[in-house]
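A.B. asks: Please find one structure pasted underneath; my questions will follow.
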Amino acid sequence: MIYSLINCKSLNNLSILNFCSYGFDCIEKINNLITNDDDDEPLSNGLQKLLSCKNFQYLKLIGFDFIKDINKVFSSLVNSNNGSSIKTLILECSLHKKSFEYCHELSNCLLSNIYNLNLTYLKINFVFSNDEHGLKILSFIFDTLIQKQQQQQQQQQRQQLKERNEEYGNIFTFNDSRLHHIEFSMYLEHFDTVFGKIKSLSNDQSKIPNSYPIVKEIHMCILMTDKKEKVLLKKRIQDEYYMSNLNDHRTIINIL
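Numbering (this note's numbering), first residue to last: 26 to 281.
Now the structure itself:
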């Protein structure tokens with residue numbers, strides 16, 4: 026099926042749902058059935074070719090939490106030289122803690138390579154029945170972004186110093202990521218933690234002149250909240266973020 030999709034030149038947008046009759050026991054059942062690492066190779070190779078395809082602009086994967094070699098399958102998305110044409114990637118995961126390791130590994134694969142990432146839009150909809158796992162994933166995502174931004178800034182500062190010493194001038198441009206915005210779902214009780222990490226990310230970026238945020242826009246879908254609660258959250262963002270951060274290139278925060 027995947028190979029027929031690849032050959033369909035007019036197909037630009039695609040959503041794939043992994044419908045598994047095992048329900049919450051899907052991963053355990055799959056692991057019991059697969060005894061050889063090569064047994065899932067046809068599926069992994071097919072998905073890898075799909076991600077490498079030059080036809081698609083939009084891809085949505087739902088329930089693909091059984092992939093073993095994530096770095097191999099998603100390699101085309103983090104290859105800036107010969108990468109995928111996909112610009113919008115939406116990832117949705119099952120609502121159970123067995124998917125945690127998959128979500129963690131996939132987030133690491135994409136975001137630790139953010140400066141080589143070909144995507145412009147990434148939606149991560151990893152919502153767990155266990156609130157602790159959801160917060161761990163969100164914290165990991167932003168800790169990774171902060172770390173990669175700091176590493177990039179250190180590299181650029183070293184380049185600045187080198188160019189000054191070599192008298193190449195005083196005007197410097199900074200590499201920025203292609204990822205325009207990231208969207209994710211979260212519970213209201215996680216807002217303070219996530220908002221604090223967003224502010225840290227933006228404050229670090231604003232310390233370096235001529236730099237751009239590692240992610241231009243952050244969209245947060247707050248689950249199980251009413252309109253009044255969302256209005257209050259937007260006011261907090263206005264008062265605590267926009268009013269205190271006057272950097273022209275700051276990250277834009279949106280509540281959905």
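Even glycine gets a Cβ: it sits at the ideal position worked out from N, Cα and C.
Less than 8 Å between the CB atoms is what I'm expecting for Phe81 and Ile115, so what's the real figure, rounded?
C.D. replies: Residue numbering aside, residue 81 sits at position 56 when the sequence shown is read from its first letter. Residue numbering aside, residue 115 sits at position 90 when the sequence shown is read from its first letter. With a Cβ gap of about 12 Å, Phe81 and Ile115 do not count as contacting.
A.B. asks: Out of Ser210, Lys97 and Tyr83, state which residue places its alpha-carbon closest to the alpha-carbon of Glu66.
C.D. replies: By 1-based counting over the sequence shown, the position of residue 66 is 41. Out of Ser210, Lys97 and Tyr83, Lys97 has the C-alpha closest to the C-alpha of Glu66.
A.B. asks: Between Asn143 and Leu86, is the Cβ-Cβ spacing less than 9 Å?
C.D. replies: Locating residue 143 in the sequence shown gives position 118, counting from the first residue. Locating residue 86 in the sequence shown gives position 61, counting from the first residue. No, the Cβ-Cβ distance between Asn143 and Leu86 is not below 9 Å.
A.B. asks: By Cβ distance, which residues of its chain are closer than 8 Å to Asp156, with the 5 residues on each side in sequence left out?
C.D. replies: Translated into the one-based positions of the sequence shown, residue 156 becomes position 131. Correct list, in chain order: Tyr212, Glu214 and His215.
A.B. asks: I need the straight-line Cα distance from Val240 to His129, nearest angstrom please.
C.D. replies: Counted from its first residue, the sequence shown places residue 240 at position 215. Counted from its first residue, the sequence shown places residue 129 at position 104. If you take the alpha carbons of Val240 and His129, they lie about 19 Å apart.
A.B. asks: For Met211, write down the residues that DSSP places opposite it in a beta bridge.
C.D. replies: Here residue 211 refers to the residue found at position 186 of the sequence shown. Beta-bridge pairing links Met211 to Ile247.
A.B. asks: Using a 10 Å radius around the Cβ and a threshold of 16 neighbouring Cβ atoms, would you call Gln174 buried or exposed?
C.D. replies: Reading the sequence shown from its first residue, position 149 is the one you call residue 174. Classification for Gln174: buried.
A.B. asks: Are the stretch 255-274 and the stretch 157-171 touching, with three or more C-beta to C-beta distances below 8 Å?
C.D. replies: no
A.B. asks: Tell me the rounded alpha-carbon separation between Asn32 and Ser77.
C.D. replies: Walking along the sequence shown from the start, residue 32 turns up at place 7. Walking along the sequence shown from the start, residue 77 turns up at place 52. The alpha-carbon atoms of Asn32 and Ser77 are separated by roughly 12 Å.
A.B. asks: Out of Ile262, Leu39, Glu117 and Glu254, state which residue places its alpha-carbon closest to the alpha-carbon of Phe79.
C.D. replies: Your numbering for residue 79 matches position 54 in the sequence shown. The sequence given here places Lys at residue 79; Phe does not occur at that position. Measuring from the Cα of Lys79, the nearest candidate turns out to be Leu39.
A.B. asks: Suppose the cutoff is 7 Å on Cβ atoms and the five residues either side in sequence are ignored; what does the same chain contact list for Lys224 look like?
C.D. replies: As a first step, residue 224 must be located in the sequence shown, where it is residue number 199. So the qualifying residues of the chain are Tyr266.
A.B. asks: Out of Leu30, Asn133 and Ser210, point me to the one whose CA is closest to Phe99's CA.
C.D. replies: Translated into the one-based positions of the sequence shown, residue 99 becomes position 74. Of the listed residues, the one whose Cα sits closest to Phe99 is Asn133.
A.B. asks: Just grab the DSSP bridge partners of Tyr146 for me.
C.D. replies: For the purposes of this step, residue 146 is taken as residue 121 along the sequence shown, with counting starting at 1. For Tyr146, which the question treats as bridged, DSSP gives the partners Thr113 and His206.
A.B. asks: Starting from the C-beta of Leu257, find all residues in its chain whose C-beta is less than 8 Å away, skip the five residues before and the five after it, and write them out in chain order.
C.D. replies: For this step, residue 257 is matched to residue 232 along the sequence shown. Once the five neighbours on either side are set aside, Leu257 has no close Cβ partner at all.
A.B. asks: Here's a check: name, in chain order, each residue in its chain whose Cβ is nearer than 6 Å to the Cβ of Leu72, leaving out the five neighbours to either side.
C.D. replies: Along the sequence shown, read from residue 1 onward, the residue named residue 72 stands at position 47. Excluding sequence neighbours, Leu72 sits near Val98.
A.B. asks: Specify, as a first and last residue, the run of the beta strand (DSSP E) that Tyr83 falls within.
C.D. replies: What you label residue 83 is simply residue 58 of the sequence shown in a count that begins at 1. Tyr83 -> beta strand (DSSP E) spans Tyr83 to Ile87.
A.B. asks: Is Lys148 near Glu242, with beta carbons less than 9 Å apart?
C.D. replies: Here residue 148 refers to the residue found at position 123 of the sequence shown. Here residue 242 refers to the residue found at position 217 of the sequence shown. No.
A.B. asks: Sorted by chain position, which residues of the same chain lie with C-beta nearer than 6 Å to Ile92's C-beta, five sequence neighbours on each side aside?
C.D. replies: Here residue 92 refers to the residue found at position 67 when the sequence shown is read from its first residue. The residues are Val98.
A.B. asks: If you compare alpha carbons, which of Leu226, Ile233, Leu160 and Asp217 is closest to Lys259?
C.D. replies: As a first step, residue 259 must be located in the sequence shown, where it is residue number 234. The shortest Cα separation from Lys259 among Leu226, Ile233, Leu160 and Asp217 belongs to Asp217.
A.B. asks: Using the rule of at least 16 other Cβ atoms within 10 Å of the residue's Cβ for burial, across every protein chain shown, is Gln182 buried or exposed?
C.D. replies: Here residue 182 is taken as the residue at index 157 of the sequence shown, counted from 1. With fewer than 16 Cβ atoms within 10 Å of its Cβ, Gln182 is classed as exposed.
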